[in-house]
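See below for the structure under consideration.
As structure tokens, then:
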């Protein structure tokens, strides 16, 4: 293991948002809004500044060796959380290149979204509560990515779940929104339970939960040991992956994310697009040395990722709620990231995580700006022609769409291309078929659908005639600067962010390095080393050309269908059965309700009637009463108040005693 | 002791005791029951005396005096109770006196 450097500034990065949250929680209601958001945004901006300083310090400590630079991780230890026997858990932080990328995204994008929230939430009565939750979320998320032990990571993992629940149900007077919060929390709970089980098994196997130690343990495994415990490693990694499907909204646990759009839009941007939902990717990238030892799990991850990407994209095409489209798009993009890590390219997963954080946060904030401007109208059938009213929102949104569609040289292009390339070169075989081609085909198709639904959204929202009623029309306005400035910054990042991870086939001829890949190399090398390309480099150019063509084709199709003044008002009524089936999300919610929901309720009824009523109430509690009562009924026959009867009992009793002793 | 063997005393005593016990159980009048108890007590006394003479031991006599003294006290309290019961209920049939039934 590389040397580590003590660095106490690191400790302040998660603490600042926590302090902000505590201050606003305790005194927020007494303070004017100006102070509240100054505290919250101030904490975020200082945390961002500290993150930048820490990352620069980390980058400064690099040592070059064989063309790869190794950076000495920065550590900060708060205190010993608990120690019991061989389990010794330190509450300490660990900054290496992977967590560096994450904290920059979290504090950077987080700061922008905090600033944006000042405008978006300006009229909300629960202003301080909102910023308390938001700061708390950032604290938990930072603990998640900085924790050097699985337990500290899990603390953050649960913390972001709580924050997500609180923020989805932020407007809890609306029952549907409160229910959406519960749905998110409970669905996540299923996954979290699997993570806990995975941690138990990991501790049993490795004897430690500190990630650097687990990594060392994994690297010391001999071939024989690896074969002997292959099944266990697969089980552990699958359990972790189940946790990821919950947190990162993959099949089968993705159902909560679309409903999570009930929360305020900046929350959707921060938690349900840019940061929290990517925790699953982070976990897998963090534990890549473990996942790489379990090829079965990797194959499952890749397949689940590709299928999620595909199905979520099809649903996204048929939605009319601006946020729902983006939500399914997020599920779909997360599927891309899982496909990447499942195919063995942890770099591509993290890279897409980063670019996605930029353009999806931008798109969500753009949609928030639209919703704000239209006074909480979310139905794109009632929008249209907004480019007249909201030029900044429109242009930034368009850039976001271009980025997510993978138009060449926008950020999404680089990261998506990298994923497609790794999907193609996946060497696993499934049922005699070369899995790489299937995954690649599915993903290219999904990429085409992605550009289609994004531009459908763009055309219906910003182009054409305005379909809002006159009352609303007269109120549409561009958002205040607190909202448009973050949009512009994010647009810049969405456009240019891809250049730090130029794929090798593009970069090498031009002499441009893949900065992000080199930066992450020390973290993800053990995982990537185990995967080899089977498809020749020669395939890279045609594959890329096809992907770009399909992406542009999606845009063109969207233009043909929606870009020329199409009025979607009656689309749903005219739609065929198949369209409605997809529009209704393949009835998955109904399926879950009919199977799991009903199943649990029936099981609840059975256990209530059988275990609670019969076993506990009747057999264990009331039976004692009945026994005593019955015994009394029998015994009272003897106690009838007749003195002579008593005399007989006495006589017979004495006779019996005498008989016993004298014979 | 006048040539009468101890067995006769004991037989008489047992007969008296059983007579008293049967009377106690079967008769319904409280006074008669009370008298039956006295018979039983005195049957026991007879046994004590017989054994005392048989063994030449004064302990038996002492016991009898004790029993007579207690029986006297008991008779006093018992009769007082019976009188009071009669005043309240105008009857001495023990079947009517069953307030304590469970």
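Chains as they are written, first to last, in my numbering: chain Z, 1 to 663; chain X, 664 to 765. Note that the Cβ used here is the ideal one computed from N, Cα and C, for glycine as well.
For the segment 611-642 of chain Z, the set of residues with a beta-carbon nearer than 9 Å to any beta-carbon of chain X comprises 632, 635, 636, 637, 638, 639, 640, 641, 642, in chain order. Residue 178 of chain Z sits away from residue 191 of chain Z, with the two beta carbons spaced by 7 Å or more.
Interface with chain Z (7 Å Cβ-Cβ cutoff): residue 761 of chain X is included.
Under the 8 Å Cβ criterion, the segment 334-344 of chain Z does not count as touching the segment 316-324 of chain Z, having fewer than three qualifying pairs. Pairwise C-beta distances place the segment 399-410 of chain Z out of contact with the segment 378-391 of chain Z, as fewer than three of them are shorter than 8 Å.
Only 687, 688 from the segment 687-715 of chain X bring a Cβ to less than 7 Å from some Cβ of chain Z. For residue 600 of chain Z, no Cβ of chain X is located within less than 7 Å of the residue's own Cβ. Exclusion of the five residues before and after residue 583 of chain Z leaves 318 as the residues of its chain whose Cβ lies within less than 6 Å of its Cβ. Its Cα nearest to that of residue 122 of chain Z, the residue Z:481 stands out among Z:508, Z:610, Z:481. Judged by their CB atoms, residue 419 of chain Z and residue 352 of chain Z are nearer to each other than the 7 Å cut-off.
For the segment 37-118 of chain Z, the continuous beta strand (DSSP E) assignments of 3+ residues that do not extend past its boundaries occur at 62-65, 68-71, 74-84, 87-95, in sequence order. In the DSSP assignment, the residues bridged to residue 756 of chain X are X:692. Three or more Cβ pairs closer than 8 Å define a contact, and the segment 260-277 of chain Z meets that threshold against the segment 105-113 of chain Z. Taken through DSSP and simplified to helix, strand or coil, residue 226 of chain Z comes out as helix. Taking a beta-carbon distance threshold of 7 Å, residue 648 of chain Z counts as an interface residue toward chain X. Excluding residues up to 5 positions away in sequence, 458 lie with their Cβ nearer than 7 Å to the Cβ of residue 398 of chain Z in the same chain. When Cβ-Cβ separations below 7 Å define contact, residue 757 of chain X makes contact with chain Z. Closer than 7 Å to the CB of residue 651 of chain Z there is at least one CB belonging to chain X.
Going by C-alpha positions, residue 234 of chain Z is about 7 Å away from residue 296 of chain Z. Around residue 743 of chain X, no beta-carbon contact reaches into chain Z at under 9 Å, the shortest distance being about 17 Å. The C-alpha of residue 37 of chain Z lies about 22 Å from the C-alpha of residue 370 of chain Z. Residue Z:71 holds the alpha-carbon nearest to the alpha-carbon of residue 59 of chain Z among Z:71, Z:396, Z:126. In the DSSP assignment, residue 508 of chain Z falls within the alpha helix (DSSP H) that extends over 504-510.
In the structure shown, the three-state DSSP call for residue 609 of chain Z is helix. Going by beta carbons, residue 143 of chain Z and residue 14 of chain Z fall inside the 7 Å limit. Residue 192 of chain Z: member of the alpha helix (DSSP H) spanning 175-206, first to last residue.
Within chain X, the residues whose beta carbon sits less than 9 Å from that of residue 644 of chain Z are 687, 688, 689, 690, 691, 696, 757, 758, listed in sequence order. Runs of the alpha helix (DSSP H) lying entirely within the segment 317-343 of chain Z, each at least 4 residues long, are 322-342 in chain order.
For residue 416 of chain Z, the enclosing alpha helix (DSSP H) stretches over residues 411-424. In this structure, the alpha-carbon of residue 681 of chain X lies about 8 Å from that of residue 703 of chain X.
Between residue 684 of chain X and chain Z, the shortest Cβ-Cβ separation is below 7 Å. Non-local C-beta neighbours of residue 512 of chain Z in its own chain, meaning closer than 7 Å and more than five positions away in sequence, comprise 502, ordered along the chain. For residue 277 of chain Z, no alpha helix (DSSP H) encloses it, and the DSSP letter there is neither H nor E.
CA-to-CA, the gap between residue 491 of chain Z and residue 450 of chain Z works out to about 18 Å. Remark: C-beta atoms of residue 441 of chain Z and residue 396 of chain Z do not approach each other more closely than 7 Å. Restricted to the segment 454-480 of chain Z, the alpha helix (DSSP H) segments that are unbroken, complete and at least 4 residues in length are 470-473, listed in chain order.
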